[in-house]
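In this note's numbering, the protein residues as written are 965 to 1073. Let me begin by presenting the structure, written as structure tokens, before commenting on it.
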Amino acid sequence: MSSHKAAYDDLDTTMIAYVGTVGTIITFFLVFGIAAFYYAFAKTENEKKVINVPELNAESILANQAAALTEYRWIDQDKNIVAIPIDQAMQIVVQEEQKKQANAKTKKP
965 MSSHKAAYDD LDTTMIAYVG TVGTIITFFL VFGIAAFYYA FAKTENEKKV INVPELNAES
1025 ILANQAAALT EYRWIDQDKN IVAIPIDQAM QIVVQEEQKK QANAKTKKP
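And the structure:
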């Protein structure tokens, strides 16, 4: 009987099965490892950004905003832009509008 001698172009099915199995196992653990890492990271980010958010005292925020509306301060010193109290600003706007309306009435024929 003739014995079959391995030729150069014969497939090594045992090695192909071994590499395929090992590759599948590595891929499986890699995918689940990355997924586990992602969910752990997402959990810590959620805790940091949503759960452990420092409480802001609404009263202090409102007090700061009220102070900004009622005091003089520099907006841009280089350009000479100043903020004035809101009450004074509203009075100036009303006076300017009254002057415009008065001028418009006197110009009508």
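Beta carbons are placed, not taken as given, at the ideal position from N, Cα and C, and that holds for glycine.
If you check the CB distance, A1022 and R1037 do not come in under 8 angstroms. Remark: three or more beta-carbon pairs, one from each stretch, lie closer than 8 angstroms, so the stretch 1026-1035 and the stretch 1049-1065 are flagged as touching.
In the three-state DSSP reduction, I1048 falls in the coil class, being neither helix nor strand. Straight-line measurement puts the Cα of F996 at about 27 angstroms from the Cα of T978.
Here the alpha carbon of A1068 sits roughly 14 angstroms from the alpha carbon of Q1059. For D1040, the pairing in a beta bridge is given by DSSP as I1045. Collapsing the DSSP output to three states places E1011 in a helix. In this chain, the alpha helix (DSSP H) harbouring L1033 covers A1022 to T1034.
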